[in-house]
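Notes follow once the structure below has been shown.
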Amino acid sequence: MPGGIPGGVNHQILRLAIPNIVSNLSVPLLGLVDTALMGRLENVAYLGALAIGSMVFNFLYWGFGFLRMGTTGLTAQEFGAERREGMVMILVRVLFLAGLIGILMVLLKVPVVAVAFRFMDAGPEVTGFAQEYVDIRIFTAPAMMMLFGLQGWFLGMQNATFPMIITIVHNVLNIVLNLLFIQGFGMKVDGVAYGTLISTWLAFFLALGLFFWRYRGLMGDIRWDRFFLPEALLRYFSVNRDIFIRTLCLIFTFTFFTAMSARQGELVLAANTILLQLWLVASYGIDGFAYAAESLVGRYLGGRDDGRLQGVIRRVILWGVGLGAAISVVYGIFGRGILEIFTGNAEVIALAMSVIVWTVLAPAVSGLSYVLDGVFIGATRTGVMRNTMLIATLLVFLPVYWIGTKLVGVHGLWLAMLMFMLARGVSLAWFVKGIRVRGSG
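When we follow our numbering, the leftmost residue of the sequence shown carries the number 52, and every step to the right adds one.
Okay, structure coming up:
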């Protein structure tokens, strides 16, 4: 690679990370706009309903995030090994599975939502608005699941541009439609839901169009007689099982956080919802480097290039942690001004400012865990991710929450979140040296 390993690796990382950062930041931008729209309505229950309804879909969609993550690592390894049939058959299998999962989500909506709302234990007004939101948005599920698969496949093919185009178009359309429905037509949470429904299906058709435009030549490598190849399916489901368990722990943590916020009243829920959006903004930015790690680690493992593999791992950690520290500085300087963008409610702002220190610290602390997730996904070392996430959730987050809330109230909830992120990063760092091309070193 021109320029030697360090400079070359930096170029490869930034070539993939920058489009991913741009596209990722459009995702929380949508959440920020929706939160601001609901936060400025006359009834604070709309903001709480959006938080509850969005958390239901976080549970559903994050839980099946393996459709993107597992696809990226496996495809990148096939790309590095230059196996055309392997590349395209991964996509065929993931689109079939994703479509099936999306249809099942629609069919099983009633029991899943009933359990989720019972766990949240919000007031009747908030629950009613949240139910309206969920009833509409659930029909995005098939399109969203297949989008996960397509975007993960593009990243595995070392193509960060298509996911950026798809994500930006998706979220800009969503924002425009939400503004139209809420401010133009006077709709409330139903306007947010319809905007999401329409934009998601349009984004899916855009992704299909981009695939056929760039990769239609791979269609000739599809082997339908090898669709149910036992070894390939076993590897695919093994990787995705571990990511699924890991993601369920992550969903549980954020869902538990929102549920405990809801139990402390509408003001606490509103303040914590806004601060949690800032956590997500930071995570989506740093995840640009995690996605680059997924693509490059998988590529160099598949191509058996241990020198570049180790260079990617070292450099991506520096980039991710550095960006996290920079975001912490921004939050520390402009925290109150950022909060005032979301809401004009003085009580909500005052409550948020009383605990904002945890949001300021979060990006610097969390950066390591985000980028190392990408490293392990690219390496398909998903068993380590599963185990370390179980440790962080069961042995760190929950004990710190129970002890911390008794000692320092709402600060204990935020302390538990921060320690959860720290535990993830430290435990993954312990195992990262084991990621090598076999036979090297």
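Glycine included, each C-beta is placed from N, C-alpha and C at the ideal position.
As the structure is a computational prediction, the values presented were derived from the model and not from experiment.
Legend entry - N- and C-terminal bounds of the alpha helix (DSSP H) containing Trp409: 397–429
Inset, instruction - Within the same chain, show all residues whose beta-carbon is closer than 8 angstroms to that of Leu327, passing over the 5 residues directly before and after it, in chain order. - result: Phe305, Phe308, Thr309
Legend entry - CB contact flag (Leu201, Ala258, <8 angstroms): yes
Legend entry - Arg359, DSSP secondary structure in three states: helix
Inset, instruction - Throw me the rounded Cβ distance for the Thr191 and Thr251 pair, which I believe falls under 8 angstroms. - result: Between Thr191 and Thr251 a beta carbon distance of about 4 angstroms is seen, short of the 8 angstroms cut, so the two are scored as contacting.
Legend entry - Residue environment, Asp424, which counts as buried when at least 16 other CB atoms sit within 10 Å: buried
Inset, instruction - Could you tell me whether the Cβ atoms of Phe180 and Ala96 are closer together than 8 angstroms? - result: yes
Inset, instruction - For the stretch 269–329, list the alpha helix (DSSP H) runs that are entirely contained and at least 4 residues long, ordered along the chain. - result: 281–314
Inset, instruction - Given a cut-off of 8 angstroms, decide if Thr324 and Thr86 are closer than it, judged by their beta-carbon atoms. - result: yes
Legend entry - Distance, Arg134 Cα to Gly492 Cα: Caution is warranted here: a pLDDT of 48 is assigned to Gly492, below 50, making its placement in the model unreliable, and the coordinate value is therefore given only provisionally. In a straight line, the C-alpha of Gly492 is about 26 angstroms away from that of Arg134.
Inset, instruction - Return the Cβ separation of Ala322 and Val399 in integer angstroms, given the expectation that the two are a contact with Cβ distance under 8 angstroms. - result: 5 angstroms
Legend entry - Cβ-Cβ distance between Gln209 and Arg350 below 8 angstroms: When the beta-carbon positions are compared, Gln209 and Arg350 come within less than 8 angstroms of each other.
Legend entry - Neighbourhood of Val408 by C-beta distance below 7 angstroms, restricted to the same chain and skipping five residues each side: none
Inset, instruction - Write down the C-beta distance between Ala333 and Pro414 rounded to the nearest angstrom, noting that I regard them as a contact closer than 8 angstroms. - result: 4 angstroms
Inset, instruction - Tell me, please, whether the stretch 424–443 touches the stretch 452–462 by the rule of three or more beta-carbon pairs shorter than 8 angstroms. - result: The stretch 424–443 is not in contact with the stretch 452–462.
Inset, instruction - Could you check how far apart the C-beta atoms of Phe115 and Ile141 are, in whole angstroms? I think they sit under 8 angstroms. - result: Taking C-beta atoms under 8 angstroms as the contact rule, Phe115 and Ile141 fail to qualify, at a distance of about 16 angstroms.
Inset, instruction - In angstroms with no decimal places, state the Cα-to-Cα distance between Gly54 and Leu390. - result: With a pLDDT of 34 at Gly54, under the threshold of 50, the modelled position of this residue cannot be trusted; read the value that follows with caution. In a straight line, the C-alpha of Gly54 is about 44 angstroms away from that of Leu390.
Legend entry - Under 8 angstroms between C-beta atoms of Arg144 and Phe232: No; because the gap between Cβ atoms is not below 8 angstroms, this pair is not in contact.
Legend entry - Close Cβ partners of Ile249 (< 7 angstroms) along its chain, the five nearest in sequence each way excluded: These residues qualify, in order along the chain: Leu228.
Legend entry - Beta-carbon spacing of Met472, Ser405 below 8 angstroms: no
Legend entry - Whether Arg355 touches Glu136 by CB criterion (8 angstroms): no
Legend entry - Supposed contact pair Gly124 and Ile428 - C-beta distance, whole angstroms, cut 8 angstroms: 5 angstroms
Inset, instruction - Find the nearest neighbour of Phe199 within the set Gly362, Leu111, Val177, Arg169, judged by alpha-carbon distance. - result: Leu111
Inset, instruction - Using 10 angstroms around the beta-carbon of Val161, count the other beta-carbons present and answer buried if the total reaches 16, otherwise exposed. - result: Exposed, by the Cβ-count rule.
Inset, instruction - Work out the CA separation of Gly383 and Ala149 for me, nearest whole Å. - result: 41 angstroms
Legend entry - Alpha-carbon to alpha-carbon, Arg267 and Ala376: 42 angstroms
Inset, instruction - Taking Ala165 as the reference, give the member of Val107, Arg475, Ala132 with the closest Cα. - result: Val107
Inset, instruction - Find out if the Cβ-Cβ distance for the pair Val426, Val367 is shorter than 8 angstroms. - result: yes
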